[in-house]
Amino acid sequence: MKRISVKKGSYYDSVFLMLATRGLKGLPGVSDAIVAMATPMNLDMLGDMGFAAADLEGLGPNDLVAAVDARDEATAAAAIAEAFDSLTRKKTEAAGSGASKVGSFRAALALEPAANVAVVSVPGAFAAREARKALEAGLHAMVFSDNVSLEDEIALKRLATSKGLLLMGPDCGTAILNGKPLCFANVVRRGPIGVVAASGTGLQETTCLIDRYGSGVSQAIGTGGRDMKNAAVGGMTSLLAIEALAADPATKVILVVSKPPAAEVAAKVVAALRASGKPSVAHFLGAEPGADEARLAYASDLEEAALLATLFAEGAADATSAKGRLREDSGNDRYNRPSKIAIETLAAAEARRLAPEQRYLRGLYTGGTLADEALFIAHAMLGGVRSNNQTDPAWTMADPLRSEGHVVIDLGDDFFTAGKPHPMIDPAARAERLAAEGRDPGTAVVLVDVVLGYGSHADPAGACVGAIRAARAAAAARGGYLPVIASVTGTPGDPQGYGAQVAALEAEGVVVMPSNYRAALVAVEIARLASKGAAL
Amino acid sequence: MNVQPILDLFGAELVAVNLGLESFAANLASEGARAVHVDWRPPAGGDGKAIAALDAIAAGTTVDVEKANAEAVRRILAAEPTVVGIGVAKDVVPGMARDLILHAGPPVTWERMCGPLRGAVIGGLIYEGLAKDAAEAEAMAASGKVRFEPCHHHDSVGPMAGVMTASMPVWIVENKAFGNRAYCTLNEGLGKVLRYGAYSAEVIDRLRWMRDELAPILSEALALHGPVDMRSLIAQVLQMGDEGHNRNRAGTSIVIRELAPHIVTLDYPKEKLAKALAFLNSNDHFFLNLTMPSAKCSVDAAAGIEGSTIITTMARNGTEFGIKLSGLPGRWFTGPAGVIDGLYLPGYGPADASRDIGDSVITETSGIGGFAMAAAPAIVKFVGGSPKDAVDVTMRMYEITDAESESYRIPVLDFRGTPTGIDVRKVVETGILPAINTGIAHKDPGVGMVGAGLVKPPENAFRDALVAFAEKYAI
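Here the protein sequences line up with chains R and U, keeping their order.
Just so you know, numbering that gives the first Met the number 0 puts 23 at position 24 of the first sequence, and the rest follows in order with no gaps.
Just so you know, numbering that gives the first Met the number 0 puts 88 at position 89 of the second sequence, and the rest follows in order with no gaps.
Here's what the structure looks like:
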């Protein structure tokens, strides 16, 4: 049925009328509608559409007409009311809210002429281009993106070096500049220690421990994993960063963390540390520590690296005196080192309740460097551990989805993250794997990392306690007991809060160790006790 | 090694530009650092050939592109479009002939013409007396006895179908700074009109009245008034709520104000003068046909500069959208004409719409129209609804242009000049396409305007132009 209603002498712009018309046409039970000014053209059209000429008589262009063809009287009346209403309704939405995002790098610089660093996390194929633009505009660049070619990395680092700019990355997940956490990084106290790291969670673990030991970080510069490892890249970023930290008055100590560098790069890095004139600590994961020099101490694990740097920061005169102040666990000494006996006691207490078929270590990691650290310790002490991070083909996992014997799995590896978020962002994949290991009667101990900070999941402990509970319940149902050993990489200042995360894990019976190194030691010791005599 | 820039960074407040994951910018902001987030998209939509062209041009060219563009932009900004008179197309439009029909957009054959353009061609042939009815006109159009060429090839522009025939009256607009001229027909009003493909008797009758009565009246009034400084008028209308393309209410009012005192003094019967004035008053878009040739002669002055990546033409014929670059004169780069995202007049919907058509996008090419969207709060509903959406549209256009107009200013942006001089490199690099306001024609000839909205030009036209530019100029 067709109904017409008129408001004389109320003019609306045609655009508003078109919108009102569109709104009416979308109402249920309305087959056609027109909201328009009564211009001769519109009156003709209303006539053509079959609206009664009598209703339209005497109307002019300043009269508002709402014409509705609806299934019944009530629908028509409601639609007409809505039409008039929609035109007079107060706009509740504020005109404009929030900051406008810009559409291009150029526009960003126009908006912030003082911009001094570009953070690039675009797909790898385009990352080099964006980083180059940033360098050419005189900005330092952090390239979070991976899948950047080696050639591009070298070209970018040459350009950066020639301009004296930092090119962090590619595949650089973390940095702390001027106290501000970039990408995946923790809220760490500012202080005298400058960090140069070619490994993401290695940087996070050492900076968090430095914070916990009461010292702080001046700058933490990520270099990307290839910087020192690949001779062709030649440590360009690391060397520039070390030189800058050497010249930086706020930096008193320099800490370098990396997987073992290429030999000639290692020599250059060590030379640069010597030349810095500042006490330095170097930790090359998985490599035998080098021979200490007066002002250069080699650390054998991430915890020791953070401790030595802190000791230097607090005035240790040389490597010998710094190492001399490291003590075995004495309960309340800040600079303690884990005592063999304490680790063994803790492990034995957990291992006592294992069922005979429980034999294997299952390390489930979200952080790559943390996984490596655990792997090196476990591989040496357990006589062989399979891992998707193993370089020795004899110990690489045939199927990373299936655990066999002792394993340490890096769930952040490309194998697991293709098309999925990294487990530090979304720990669901780790929780699933944890539950699966719980169903395996051979699992003797589960070792996990929980990485906090910006970039990470809002509640990584919470995201795995359900799976931990299920795994432990499954073991108990089989008449056994499943120890879960964890460490939390984080600080009280992190958005997730270190204390709350530890408490959530401990509430589930998880043994939370103060560092990844110690967590690995305890878990490996449990596995060693469990697997005595077992075939690998 | 020089580490001073790094020490400068250590000593300064951290100010980050974030490209990629937006949360990284938010995290920095929550730690008290300044961060600008770039809504990043792959350059050239990830098109490898276009990216290679961008990189090749950046690496080096035979001609200094920045210098060439500076000159192109200087010329656009220096233009002084001035209405100098009304003439008959065949007398004033270069190359105009009785067997020639000009149309909007890039070249198109009769076979590939869209409905509204075919309708306008039919109407044009009937109007010229070359055909007595539609059937005869269609046969003639298909026979090859008449030629079709773009208005743009004859220093002209035409809204929608843009059909211009030999005996039509045309505005003559001269760019006083450079001496070049541009031409455009007189606007016929809304409803059933030739430019939307209508060719019924009322359409032809109106065109004849415009030729025989309206044009002489306006021409004489104009002679009494003297040349009309269009740069000044456009500057004014942008401050009165017009953007120079889709809203012409202020412009039309101003033209009436300028001409009316002279029209009423003319030696014609009162009824004829009244009819002429009533016609202007009934047609909000009358001013558009003055803005268009003004824009045309302004950007034409910047055409043909060796090494310039500035876009000097954008135009559509309902089948294809085409652009031209200053540094590649004579070459069209085309893609399929877009579907318009718009609002519809009562009684019509998207199913009725023709594809994007008309030379009126010359206004955007010159830096007004969609580029000046922020100046026209009354029509913000076309671009999302709120005044902020309109401001955002204009702000985005600054990212693909090289300059800001010194004459055309936008009150709400603190009288900032409109974004002017579209650089095809920036369009391809950022993926930000020119914002184009436009009317929507009915897809069938003869129905007329059914709505208005915003249209997205085809990205490939810009990429192809850039690739061709790199082929010619990259070292």
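Note that beta-carbon positions come from the ideal geometry of N, C-alpha and C, so glycine has one too.
Item	Value
Residue 75 of chain R and residue 2 of chain R: beta carbons closer than 7 Å?	yes
So with CB distances below 8 Å, who are the chain U contacts of residue 21 of chain R?	342, 343
Just the Cα atoms here: how many angstroms apart are residue 374 of chain R and residue 393 of chain R?	14 Å
Between which residues of its own chain and residue 525 of chain R is the CB-CB distance below 7 Å, once the five residues before and five after are set aside?	346, 349, 350, 443, 444, 482
Using beta-carbon positions only, say whether residue 462 of chain U and residue 431 of chain U come within less than 7 Å of one another.	no
As a quick exercise: from R:216, R:218, R:219, R:235, pick the residue whose alpha carbon is nearest that of residue 225 of chain R.	R:235
What did DSSP end up calling residue 421 of chain R once you bin it into helix, strand or coil?	coil
Quick one: does residue 351 of chain U have its CB under 7 Å from some CB of chain R?	no
Looking at the structure shown, is residue 171 of chain R part of a helix, part of a strand, or coil, going by DSSP?	coil
Taking 7 Å as the threshold (C-beta atoms), are residue 222 of chain R and residue 197 of chain R in contact?	yes
I want to know whether the stretch 273–286 of chain R touches the stretch 248–261 of chain R - three or more CB-CB distances under 8 Å.	yes
Checking contacts by CB at 7 Å: is residue 190 of chain U closer than that to chain R?	yes
Of all the CB atoms in chain U, is at least one closer than 7 Å to the CB of residue 40 of chain R?	yes
How big is the Cα-Cα spacing for residue 142 of chain R and residue 469 of chain U?	29 Å
Determine, for residue 239 of chain U, whether the minimum Cβ-Cβ distance to residues of chain B falls below 7 Å.	The structure shown contains no chain B; its protein chains are R and U.
Residues in the same chain with beta-carbon distance under 7 Å from residue 97 of chain R, minus the five sequence neighbours each way, listed in chain order, please.	Below a pLDDT of 50, predicted positions are generally treated as unreliable, and residue 97 of chain R, at 32, falls in that range; the measurement from the model is reported next regardless. Contacts found: none.
Are any of the Cβ atoms in chain R nearer than 7 Å to that of residue 284 of chain U?	no
Please list, in chain order, the chain U residues whose beta carbon lies closer than 8 Å to that of residue 44 of chain R.	345, 346
Could you spell out the range, first to last residue, of the alpha helix (DSSP H) harbouring residue 33 of chain R?	First-last for residue 33 of chain R: 29–36, but that is the beta strand (DSSP E), not the alpha helix (DSSP H).
If you draw a straight line from the C-alpha of residue 350 of chain U to the C-alpha of residue 440 of chain U, how long is it?	11 Å
From the beta carbon of residue 16 of chain U, is the nearest beta carbon of chain R less than 7 Å away?	yes
For residue 321 of chain U, does the three-state DSSP call read helix, strand or coil?	strand
How long is the line joining the alpha carbons of residue 362 of chain R and residue 456 of chain R, rounded to whole angstroms?	20 Å
Determine, using beta carbons only, whether residue 243 of chain R comes closer than 7 Å to chain U.	yes
CB-CB under 6 Å to residue 15 of chain U, same chain, minus the five flanking residues each way: which ones, in chain order?	27, 34
Kindly indicate if chain R contains any beta-carbon less than 7 Å away from that of residue 4 of chain U.	yes
Could you round the C-beta distance between residue 21 of chain U and residue 179 of chain R to whole angstroms and report it? I think they count as a contact, below 8 Å.	Not a contact, Cβ separation roughly 17 Å.
Since residue 155 of chain U and residue 163 of chain U are thought to touch, with beta carbons under 8 Å apart, how far apart are those beta carbons, to the nearest angstrom?	6 Å
With distances taken from CA atoms, which of U:398, U:295, U:373 is nearest residue 388 of chain U?	U:373
Can you pull out the residues from the stretch 24–41 of chain U whose beta carbon lies closer than 7 Å to at least one beta carbon of chain R?	26, 27, 30, 32, 33, 35, 36, 37, 38, 39, 41
Count the other CB atoms within 10 Å of the CB of residue 395 of chain R; is the residue buried (16 or more) or exposed (fewer)?	exposed
Assign residue 209 of chain U to buried or exposed, taking buried as 16 or more other Cβ atoms, counted over all protein chains shown, within 10 Å of its Cβ.	buried
Tell me whether the beta-carbon of residue 80 of chain U lies closer than 7 Å to the beta-carbon of residue 293 of chain U.	yes
From the DSSP secondary-structure annotation, give me the bridge partner or partners of residue 448 of chain U.	U:440
Please report whether the beta-carbon of residue 116 of chain R lies at a distance below 7 Å from any beta-carbon of chain U.	yes
Sort out for me which residues DSSP pairs residue 257 of chain R with in a bridge.	R:283
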